[in-house]
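Quick mapping for you: the protein sequence lines, in order, are chains A and B.
One point on numbering: in the numbering used here, the residue at position 5 of the first sequence is 9, and numbering is uninterrupted.
One point on numbering: in the numbering used here, the residue at position 40 of the second sequence is 44, and numbering is uninterrupted.
2 protein chains.
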Amino acid sequence: MWKDKRLIELLDIQHPIIQAPMAGASTPQMAAASANAGCLGSLGCAMMSVETYQETYAKTRALTNGALNMNFFCHDEPTIDEKKVKQIKQVMAPFYQELEIENMPDAVPTHFPFGNDLADAVLRTNPNIVSFHFGLPEQSIVEALKDKGILILCSATTVQEAKDLEAKGVDAIIAQGWEAGGHHGFYLKDKSAGIGTMALVPQIVDAVKAPVIAAGGIADGRGIAACLALGAAGVQIGTAFLTCEESSVPQVHQQSLMQSDGSNTSLTKVFSGRPARGIQNRYIQEMERFEDSLPDFPLMNTLTGPLRKESAASHSPDFIAQWSGQAVGLNRKTNVGDLIESLVEETKSVLDKLV
Amino acid sequence: MWKDKRLIELLDIQHPIIQAPMAGASTPQMAAASANAGCLGSLGCAMMSVETYQETYAKTRALTNGALNMNFFCHDEPTIDEKKVKQIKQVMAPFYQELEIENMPDAVPTHFPFGNDLADAVLRTNPNIVSFHFGLPEQSIVEALKDKGILILCSATTVQEAKDLEAKGVDAIIAQGWEAGGHHGFYLKDKSAGIGTMALVPQIVDAVKAPVIAAGGIADGRGIAACLALGAAGVQIGTAFLTCEESSVPQVHQQSLMQSDGSNTSLTKVFSGRPARGIQNRYIQEMERFEDSLPDFPLMNTLTGPLRKESAASHSPDFIAQWSGQAVGLNRKTNVGDLIESLVEETKSVLDKLV
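Here is the structure:
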């Protein structure tokens with residue numbers, strides 16, 4: 005049914021749909037079910053050590069022979085600013101008291117920037133595809149991955165980033181729009197340009213030769229058809245997978261997703277130190293005035309860890325990072341296989357009615 | 005060629021495309037050329053007195069027999085907070101000195117909220133359609149317009165606003181996404197929910213029975229086809245008309261539009277007191293730290309008026325309100341008739357290739 009076969013042929017998949025890698029939410033079961041349904045299954049590996057990555061990859065590969073995408077973050081190593089850390093710990097101390105958590109952790113990184121160790125592990129495991137967020141790793145690593153035949157995808161949030169990625173040799177560009185849930189992948193500037201998917205995709209399509217994958221605000225067949233109309237070769241969908249059985253996000257997060265009409269998300273740095281879109285809650289409201297004085301990404305993620313865990317355990321949304329895109333009002337309670345079948349059928353139905 | 009005929013039949017037009025009303029940028033020539041090309045031609049009347057409105061309507065009507073849409077703002081009457089006015093005048097005084105403008109005007113409103121006087125003028129002139137921004141006027145006025153057979157459109161930026169407008173009897177809902185240039189029409193909350201067009205349109209389509217018109221980030225046939233895929237009955241396009249011959253925006257503003265890749269716009273209150281999207285310039289940069297202490301809309305518009313005028317006259321972008329949506333990278337130097345012909349042909353071509 006897909007007239008544009010660029011992405012299908014490049015990634016060796018049946019449908020031009022990528023299940024978004026979502027560190028902390030995607031699971032081997034989710035990625036394998038996506039791959040088994042003919043899409044690209046992805047794992048968010050940004051918080052994984054080399055050992056965890058290898059185990060998780062093996063576990064996923066055991067569940068599918070399909071195409072798998074391993075996703076990594078390419079942020080800078082954080083500088084640990086002791087003064088900033090001390091100040092924000094003071095601000096956060098009352099939350100720890102309230103939740104009766106005794107010790108606040110040290111500000112050490114949880115997310116590992118993609119370097120030689122992880123690159124070696126990727127070369128050993130040899131996934132079909134790797135995708136990067138916050139730019140690319142060193143060019144020598146990019147070349148090593150390409151030499152091995154591993155395809156490389158990376159997020160762009162502006163025309164300038166898309167051109168930069170193409171020049172560095174990526175195989176396809178993920179045009180991540182303002183609507184997207186979770187971390188926004190801008191990297192050439194220190195602030196999001198905030199360009200919505202409707203405006204971003206055609207401008208990037210015009211600027212590069214590589215296939216463009218639309219991401220942000222896509223949650224059903226209408227969104228998929230719309231992005232194909234904009235010139236995208238395919239789509240990446242995240243939030244719609246969060247309320248699937250295979251998702252690992254807490255029940256209370258899933259409830260917030262099912263109740264949202266898309267108007268209560270915001271882009272916030274307060275969970276990790278970098279802007280990410282999630283459903284507003286008490287923690288965001290109380291912390292947003294400190295947005296400009298937070299320690300570097302991902303140190304805040306370490307400091308919020310025990311709060312997020314305890315909040316989830318007690319079924320409270322107050323301190324959870326409830327990542328969500330803006331099309332969350334279209335979410336359904338389902339499983340990955342059924343979701344993908346519906347997405348494909350809906351797209352076909354929309355396209356048939358259009359012409 | 006249009007399979008979905010809801011908007012075409014409702015508005016009695018040939019193409020489901022609305023040339024956006026843009027106060028200060030749309031002209032009788034622009035609206036008439038749009039109507040003569042089979043679209044809905046619009047005039048932004050938010051800064052017009054009753055007399056100016058009547059003259060402008062007559063001038064436009066003399067140029068076309070097609071469908072015309074008169075657009076008004078439904079903001080609250082401003083409270084003049086003398087302290088805020090005094091403070092912001094002090095902040096702005098150096099700009100007046102620099103541009104050698106002697107007197108800063110008093111903080112009196114330039115935009116007239118739609119009330120009985122304008123309603124009477126509209127009933128007398130009897131345009132085919134009126135559209136509103138920042139919500140609707142009093143229900144008695146809505147009823148009087150409907151009794152006269154005038155169709156009513158209004159902007160919604162959330163599902164909640166769309167449902168509110170439908171309950172109050174509007175004939176079609178303009179789903180205005182985050183990408184849109186100029187003033188954002190949210191009205192039920194005091195802050196934009198910031199929902200992108202890709203996410204907003206299908207969620208509003210699911211929530212209301214009235215036809216939905218997509219707006220924000222649409223600038224070519226790809227965007228039009230995409231919005232039809234999302235379930236919109238038509239589109240409203242603004243920025244693409246700003247670089248047409250019929251546009252009244254300054255040359256320097258048009259140059260900024262033609263040079264942008266969509267990454268340098270922001271939503272700012274500093275020109276009028278309400279958030280509007282425009283291309284960043286020196287005035288925005290220097291004033292954004294005062295965003296939370298500005299006098300009510302539209303008092304700031306009065307205070308910035310002489311700066312904007314002088315800046316335009318000296319071909320400087322520094323103090324101009326360079327309204328622009330995020331798809332501005334797709335803009336072309338053309339005229340309204342040619343633009344609409346291209347939009348229609350492109351849409352047909354995109355739809356033909358999709359299936």
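Where a beta carbon is used, it is the ideal one built from N, C-alpha and C, also for glycine.
For clarity, every value in this text was computed on a predicted model and none was experimentally measured.
Spell out a yes or no on whether the region 102–119 of chain B and the region 297–312 of chain B are touching, meaning 3 or more CB-CB pairs, one atom from each, closer than 8 Å. yes
Compute the Euclidean distance between the alpha carbons of Leu-44(B) and Ser-267(A), then round it to the nearest angstrom. 30 Å
When you compare the CB positions of Thr-1(B) and Gln-330(B), do they come within less than 8 Å of one another, or not? This structure leaves residue 1(B) out entirely; chain B is present only between 5 and 359.
With DSSP as the reference, label Ser-3(A) as helix, strand or coil. Residue 3(A) lies beyond the stretch modelled for chain A, which goes from 5 to 359, so this question has no answer here.
Is there contact between the region 188–204 of chain A and the region 150–169 of chain A, where contact requires at least three CB pairs shorter than 8 Å? Touching, yes.
Tell me the rounded alpha-carbon separation between Arg-3(B) and Leu-127(B). Only positions 5 to 359 of chain B appear in the structure, and residue 3(B) is not among them; the question remains open.
Could you tell me the boundaries of the alpha helix (DSSP H) in which His-137(B) lies? Note, His-137(B): premise wrong, no alpha helix (DSSP H); beta strand (DSSP E) at 133–137.
CB-CB under 6 Å to Ala-41(A), same chain, minus the five flanking residues each way: which ones, in chain order? Gly-341 and Ile-344
Whole beta strand (DSSP E) elements within the region 9–46 of chain A, 3-residue minimum: 21–23
With distances taken from CA atoms, which of Leu-15(B), Ala-325(B) and Arg-65(B) is nearest Gly-153(B)? Check the Cα spacing between Gly-153(B) and each of Leu-15(B), Ala-325(B) and Arg-65(B): the tightest is with Leu-15(B).
From Leu-261(B) to Ala-244(B), what distance separates their C-alpha atoms? 9 Å
If you measure between the beta carbons of Ala-111(A) and Thr-247(A), is that distance less than 8 Å? No, these two residues do not count as a Cβ contact at 8 Å.
Lys-337(A) CB to nearest chain B CB: under 8 Å? no
Report yes if the CB atom of Ala-35(B) is closer than 8 Å to the CB atom of Leu-47(B), and no otherwise. yes
Classify Glu-55(B) as buried or exposed, calling it buried when 16 or more other Cβ atoms lie within 10 Å of its own Cβ. exposed
What does the alpha-carbon distance come out to for the pair Met-202(B) and Gly-225(B)? Going by the C-alpha atoms only, they are around 15 Å apart.
Pairwise C-alpha distance: Ala-39(A) and Ile-17(A): 8 Å
On the CB-based measure, 16 or more other CB atoms within 10 Å of its CB, does Glu-3(B) come out buried or exposed? What is shown of chain B runs 5 to 359, which leaves residue 3(B) out entirely.
Helix, strand or coil for Cys-78(A)? Go by DSSP, reduced to three states. coil
Local conformation of Leu-298(A) per DSSP, three classes: In the three-state DSSP reduction, Leu-298(A) falls in the coil class, being neither helix nor strand.
Using beta carbons (cut-off 8 Å, strictly below), is Val-163(A) in contact with chain B? yes
Taking the beta strand (DSSP E) that Arg-281(A) belongs to, which residues open and close that run? DSSP places Arg-281(A) in the uninterrupted beta strand (DSSP E) bounded by 280–283.
Answer with buried or exposed for Met-5(B), where buried requires no fewer than 16 other C-beta atoms within 10 angstroms of its C-beta. exposed
Between Ala-27(B), Ile-199(B) and Glu-349(B), which lies nearest to Gln-326(B) when the distance is taken from Cα to Cα? Answer by Cα proximity: Ala-27(B).
Completely contained beta strand (DSSP E) runs for the region 52–134 of chain B, where each covers 3 or more residues: 72–77
Give me the DSSP bridge partner(s) of Ser-159(B). Ile-178(B)
Measuring straight from C-alpha to C-alpha, what distance separates Arg-286(B) and Gln-143(B)? 42 Å
Tell whether a beta-carbon distance below 8 Å holds between Cys-49(A) and Pro-141(A). no
Between which two residues does the beta strand (DSSP E) holding Gly-341(B) run? No beta strand (DSSP E) holds Gly-341(B); the alpha helix (DSSP H) holding it covers 340–358.
Just mark Ser-318(B) as buried or exposed, buried being the case when its beta carbon has 16 or more other beta carbons within 10 Å. Ser-318(B) should be labelled exposed.
Using a Cβ-Cβ distance under 8 Å, would Ser-267(B) count as near chain A? yes
Let me make sure I understand the geometry here. Which of Glu-249(A), Trp-182(A) and Val-354(A) has the alpha-carbon closest to that of Gly-282(A)? Trp-182(A)
Quick one: is Gly-220(A) near chain B, going by C-beta distance under 8 Å? yes
Reduced DSSP secondary structure (H/G/I, E/B, other) of Gln-330(B): coil
CA-CA distance, Asp-356(B) and Pro-113(A)? 51 Å
Please go through the same chain and pick out, in chain order, the residues whose beta-carbon is closer than 8 Å to the beta-carbon of Thr-338(A), but skip the five residues on each side of it. Thr-247, Cys-248, Glu-249 and Ser-346
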